Amino acid sequence: MKLPRFTRKSLCIPYAVFLVFFVIVPMLVIVFYAFTDQNNNISFSNFIKFFSDPTKLSTIVYSLVIALVTTVICLLIAYPIACILARSKLKKKFVILMLFVVPMWINFVLRINALREIFNLLASIPSEGDWWGSWLTGANYFKTVVGMVYDFLPFMILPLYTTMMKIDNSLYEASADLGGNALTAFTRITLPLSMPGIMSGVTMVFLPSMTNYVVSDMLGNAKVTIIGKFISNYFGNDWHMGSMVALVLLVIVFVSTWLSGGFKAEDNVRGTNL
Amino acid sequence: MAEKIIELRNVTKAYGDNVVIEDMSFYVKKGEFITFLGPSGCGKTTTLRMIAGFDLPTSGKILLNGQDISQFPPNKRPVNTVFQRYALFPHLNVFENIAFGLRCKKVVNTYENDKGERYTKKEKLTKKEISEKVKKALALVDLEGFEKRSISTLSGGQQQRVAIARAVVNEPEILLLDEPLGALDLKMRKEMQLELKEIHRRLGITFIYVTHDQEEALTMSDTIVVMADGVVQQIGTPKGIYDEPANTFVADFIGESNIMNGTVTGDKKVRFCGKTFSCLDEFEVNELVDVVVRPEDLKMCPPGEGALKGEVLSVVFKGIHYEITVKVGKYELIVQSTESRNVGEQIGLNIAPDGIHLMKPKYTSNIFDGVITKRNTVEFADGEFECDVTKLYPGSHLDEEDYLITAEGEKLDLTGTEVTVEVGLNDITISDDEEAGGTTGHIISIIYKGDHYRLIVRTEESEEDFVFSTDDLWNENDYVSVIIPKEKIKLTLKHTEEKKR
Numbered sequence: 003m004k005l006p007r008f009t010r011k012s013l014c015i016p017y018a019v020f021l022v023f024f025v026i027v028p029m030l031v032i033v034f035y036a037f038t039d040q041n042n043n044i045s046f047s048n049f050i051k052f053f054s055d056p057t058k059l060s061t062i063v064y065s066l067v068i069a070l071v072t073t074v075i076c077l078l079i080a081y082p083i084a085c086i087l088a089r090s091k092l093k094k095k096f097v098i099l100m101l102f103v104v105p106m107w108i109n110f111v112l113r114i115n116a117l118r119e120i121f122n123l124l125a126s127i128p129s130e131g132d133w134w135g136s137w138l139t140g141a142n143y144f145k146t147v148v149g150m151v152y153d154f155l156p157f158m159i160l161p162l163y164t165t166m167m168k169i170d171n172s173l174y175e176a177s178a179d180l181g182g183n184a185l186t187a188f189t190r191i192t193l194p195l196s197m198p199g200i201m202s203g204v205t206m207v208f209l210p211s212m213t214n215y216v217v218s219d220m221l222g223n224a225k226v227t228i229i230g231k232f233i234s235n236y237f238g239n240d241w242h243m244g245s246m247v248a249l250v251l252l253v254i255v256f257v258s259t260w261l262s263g264g265f266k267a268e269d270n271v272r273g274t275n276l
Numbered sequence: 239m240a241e242k243i244i245e246l247r248n249v250t251k252a253y254g255d256n257v258v259i260e261d262m263s264f265y266v267k268k269g270e271f272i273t274f275l276g277p278s279g280c281g282k283t284t285t286l287r288m289i290a291g292f293d294l295p296t297s298g299k300i301l302l303n304g305q306d307i308s309q310f311p312p313n314k315r316p317v318n319t320v321f322q323r324y325a326l327f328p329h330l331n332v333f334e335n336i337a338f339g340l341r342c343k344k345v346v347n348t349y350e351n352d353k354g355e356r357y358t359k360k361e362k363l364t365k366k367e368i369s370e371k372v373k374k375a376l377a378l379v380d381l382e383g384f385e386k387r388s389i390s391t392l393s394g395g396q397q398q399r400v401a402i403a404r405a406v407v408n409e410p411e412i413l414l415l416d417e418p419l420g421a422l423d424l425k426m427r428k429e430m431q432l433e434l435k436e437i438h439r440r441l442g443i444t445f446i447y448v449t450h451d452q453e454e455a456l457t458m459s460d461t462i463v464v465m466a467d468g469v470v471q472q473i474g475t476p477k478g479i480y481d482e483p484a485n486t487f488v489a490d491f492i493g494e495s496n497i498m499n500g501t502v503t504g505d506k507k508v509r510f511c512g513k514t515f516s517c518l519d520e521f522e523v524n525e526l527v528d529v530v531v532r533p534e535d536l537k538m539c540p541p542g543e544g545a546l547k548g549e550v551l552s553v554v555f556k557g558i559h560y561e562i563t564v565k566v567g568k569y570e571l572i573v574q575s576t577e578s579r580n581v582g583e584q585i586g587l588n589i590a591p592d593g594i595h596l597m598k599p600k601y602t603s604n605i606f607d608g609v610i611t612k613r614n615t616v617e618f619a620d621g622e623f624e625c626d627v628t629k630l631y632p633g634s635h636l637d638e639e640d641y642l643i644t645a646e647g648e649k650l651d652l653t654g655t656e657v658t659v660e661v662g663l664n665d666i667t668i669s670d671d672e673e674a675g676g677t678t679g680h681i682i683s684i685i686y687k688g689d690h691y692r693l694i695v696r697t698e699e700s701e702e703d704f705v706f707s708t709d710d711l712w713n714e715n716d717y718v719s720v721i722i723p724k725e726k727i728k729l730t731l732k733h734t735e736e737k738k739r
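Protein chains in written order, with this note's numbering: chain A, 3 to 276; chain B, 239 to 739.
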């Protein structure tokens with residue numbers, strides 16, 4: 003008997019096994035559960051129930067809005083900083099960059115807990131008629147968004163910084179040489195050439211902020227329900243409905259990635275936007 | 239005489255302590271094709287970048303049509319640049335790359351209103367104007383129909399053309415070209431040289447071209463500015479610079495040369511290689527000079543007939559001519575000829591008077607500022623050397639405690655005395671052993687002078703140069719230590735009044 007030869011293809015085996023057991027099979031299981039009822043008969047009842055229930059739909063809308071607001075704020079904070087860092091001639095800019103990244107190394111639950119304590123502390127500041135304290139205690143969506151921005155900001159800064167670092171300084175010189183001012187340089191060079199970084203950062207912030215319900219649970223007094231929380235709740239008693247919600251989320255993610263051009267291979271930054 | 243379009247007046251550029259351009263002054267005439275030529279690191283690109291506005295001079299003025307523009311940002315200067323690696327915008331197609339400058343531009347248009355009053359308006363160029371100009375620019379560089387192509391699909395030569403079109407489409411007064419052909423292969427480069435020349439002729443604007451390739455400079459330029467070490471060495475026409483190099487650096491850098499030490503022996507007579515020759519340059523009798531003879535000015539003849547006689551050491555075929563190395567006495571001379579000779583053959587050599595160029599030697603000795611130390615050594619050029627301090631005061635001697643006793647019996651402590659140190663060109667040796675000498679540095683220049691090499695060693699910190707002759711072959715950039723024998727260091731007091739008790 004001939005021994006099987008070890009080839010480059012054999013290197014794929016571990017990943018192929020992983021792929022089958024952790025990606026393909028679970029997906030099929032989800033699809034199966036989503037389109038069956040409690041007696042495991044094929045049915046579309048979950049589908050109909052989901053889209054006819056206003057609370058479920060509003061949860062999705064809320065999740066999208068929270069994710070969108072988080073992403074926009076992250077982008078507004080990260081873009082100028084990445085821009086300045088990438089173009090500065092500072093020798094120590096690595097240190098500054100690390101300051102943004104180091105928090106990622108501290109346990110995330112711990113950080114969110116700390117943030118909650120800070121909010122509690124702030125809420126205890128006395129004010130006339132306690133308007134401030136009561137507002138902050140009840141501002142669940144606000145606190146959730148702050149927590150998410152705090153948590154996901156590095157994921158926005160890093161891809162932006164990497165793409166901007168790759169922009170050759172001679173392009174800015176060329177722009178100035180051809181009569182362009184600072185605004186021209188930004189709109190016609192920095193912005194278009196950092197687009198892959200923006201896309202990558204947006205995907206890396208937008209998706210987790212739709213599903214990461216630890217933040218919304220801890221900072222939103224469990225009053226804020228996002229899709230992730232929703233799915234988790236359903237998997238307590240109704241796997242079929244949970245699977246349907248998960249499937250809907252999958253479709254949303256797929257569509258938003260497709261819309262943002264994330265499937266175009268050439269614009270991929272370190273493969274992070276898929 | 240054509241008017242000056244751009245003039246540099248005493249321009250100096252320094253990065254911290256590192257002076258890149260030193261007190262540079264020259265001007266460029268309108269419509270000229272001028273080339274900055276020099277080895278890498280000579281400051282030619284920095285000069286260009288200061289004209290473009292990417293770097294600002296530390297001091298001095300840059301005048302464009304008489305107006306000082308030295309502090310203007312690049313977008314306020316009517317000059318455009320073709321960058322070394324093109325710097326094309328990768329996300330824009332050919333059309334948009336070329337139209338970039340046009341879209342930034344605003345022109346003043348004059349209109350007439352209903353009442354017949356004229357008024358002016360600053361306006362952007364219209365789509366039609368832009369597209370026409372781009373089309374014309376593409377035609378100029380032979381890239382018609384390339385408008386929609388993406389930059390990444392173009393070859394190096396095509397990218398080069400787009401870069402030129404992108405710059406000239408703005409109708410600049412001066413076009414700056416920073417080694418634009420450096421990335422192309424030889425054949426492509428030759429073609430582009432001729433094409434650039436043709437573009438220059440058709441546009442009639444001033445071209446300032448930067449290159450380290452002397453052949454390119456000779457082929458293309460109306461005027462060449464030879465630079466070395468941030469200083470202009472010579473400005474002239476290609477022929478003028480080749481035929482009459484101002485110094486040995488220029489002679490060595492432009493074309494091949496035989497450079498030798500010579501002595502002027504009479505009116506238009508010079509002696510080198512052990513023979514006396516007639517020449518055209520006038521120098522004072524007995525003056526030491528550098529003699530430059532171009533290889534093609536050495537004419538071979540049967541042995542016994544020529545002024546010089548030698549043996550053929552090697553023959554290399556170079557395509558159009560042979561390069562023949564001839565040993566004449568202890569000198570090795572390079573001869574270029576269309577005829578070949580056999581290795582080992584005895585031949586004679588003749589030089590016509592107009593083939594001999596004499597120039598004042600740049601270095602006759604090394605002068606440094608030094609300070610005497612406690613140990614009666616002298617510190618200069620980042621190092622410490624043993625010296626004979628008693629030479630400072632005639633008739634003096636050192637007592638047992640190393641104090642100096644003058645001829646009058648006065649006791650002096652020389653510590654801290656400022657002196658001028660002079661070392662002759664033949665009194666310096668160098669060594670690989672970093673500990674062997676008084677100071678260390680890198681070899682920055684090697685010029686072969688027939689029977690010996692003229693080396694310059696530059697120390698690292700204060701960038702002092704040691705110039706000297708040696709028979710040994712070293713490599714540029716070698717890190718060496720400088721050895722000077724105690725008795726060869728000549729000291730003179732700087733301030734005689736500073737005698738200390």
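Quick reminder that beta carbons are idealized off the backbone N, C-alpha and C, glycines included. Because the structure is a prediction, the values reported are computed rather than measured.
Any Cβ of chain B closer than 8 Å to the Cβ of T186 (chain A) would place that residue at the interface, and such an atom is present.
Within the segment 329-356 of chain B, the residues whose Cβ lies closer than 7 Å to any Cβ of chain A are, in chain order, H329, F338, G339, C342, K343. With fewer than three CB-CB distances shorter than 8 Å, the segment 124-135 of chain A does not count as touching the segment 168-181 of chain A. Annotated three-state conformation of K95 (chain A) is helix, per DSSP.
Around the beta carbon of G679 (chain B), 16 or more other beta carbons lie within 10 angstroms, which makes this residue buried.
Look at L193 (chain A): its C-beta is not under 8 Å from any C-beta on chain B. Taking a Cβ-Cβ cut-off of 8 Å, the neighbours of P311 (chain B) in chain A comprise A178, given in sequence order.
Taking a beta-carbon distance threshold of 8 Å, G181 (chain A) counts as an interface residue toward chain B.
Contacts with chain B (Cβ-Cβ distance below 9 Å) from the segment 159-170 of chain A involve D170, listed in chain order. With respect to the 8 Å criterion, S495 (chain B) and V464 (chain B) are not classified as neighbours on the basis of their beta carbons. Annotated as proximal: S211 (chain A) and T72 (chain A), with beta-carbon spacing under 8 Å. In the three-state DSSP reduction, E334 (chain B) falls in the helix class (H, G or I).
Inclusion of T503 (chain B) and T486 (chain B) in the CB contact set at 8 Å is not warranted, their separation being larger than that value. Counting only the Cα atoms, L160 (chain A) lies some 32 Å from G339 (chain B). Taking a cut-off of 8 Å for Cβ pairs, the segment 135-145 of chain A and the segment 212-230 of chain A touch, as three or more such pairs fall below it. Checking the DSSP bridge columns, you'll see H595 (chain B) partnered with B:V530. The closest CA to that of A545 (chain B), considering only B:K568, B:L526, B:F510, B:Q574, is found on B:F510. Against chain A, the CB of F327 (chain B) has a partner CB under 8 Å away; the residue lies at that interface. Around the Cβ of Y81 (chain A), a 10 Å sphere holds 16 or more other Cβ atoms; the residue is buried. For Y236 (chain A), the number of other beta carbons within 10 angstroms of its own is at least 16, and it is reported as buried. For L173 (chain A), the nearest beta carbon of chain B is closer than 8 Å to its own beta carbon. Under DSSP, K344 (chain B) takes part in a beta bridge, and its partners are B:K362. Runs of beta strand (DSSP E) with 3 or more residues, each lying fully within the segment 145-175 of chain A, are absent. Under the 8 Å Cβ criterion, the segment 34-50 of chain A does not count as touching the segment 117-130 of chain A, having fewer than three qualifying pairs.
By the neighbour-count definition (other C-beta atoms within 10 Å, threshold 16), H635 (chain B) is an exposed residue.
With respect to chain A, the C-beta atom of R323 (chain B) has a partner C-beta closer than 8 Å. Its Cα nearest to that of N256 (chain B), the residue B:T296 stands out among B:S278, B:T296, B:P277. The distance from the Cβ of S516 (chain B) to that of A619 (chain B) is about 41 Å, inconsistent with a contact at the 8 Å cut-off. Taking 8 Å as the upper bound for CB-CB distance, L286 (chain B) and L414 (chain B) are in contact here, some 5 Å apart. A check of alpha carbon separations from E409 (chain B) across B:T319, B:R387, B:P599 identifies B:T319 as the nearest. Scanning chain A for C-beta atoms nearer than 7 Å to the C-beta of A290 (chain B) yields D179, reported in chain order. Contact with chain A is absent for T628 (chain B), since none of that chain's Cβ atoms lies less than 8 Å from the residue's Cβ.
Secondary structure at A401 (chain B): helix, using DSSP grouped into helix, strand and coil.
Distance from the CA of V207 (chain A) to the CA of K344 (chain B), rounded to the nearest whole angstrom, comes to 41 Å.
Within its own chain, the residues whose Cβ lies closer than 7 Å to the Cβ of F157 (chain A), once the five positions on either side in sequence are excluded, are G203, M206, V207, listed in chain order.
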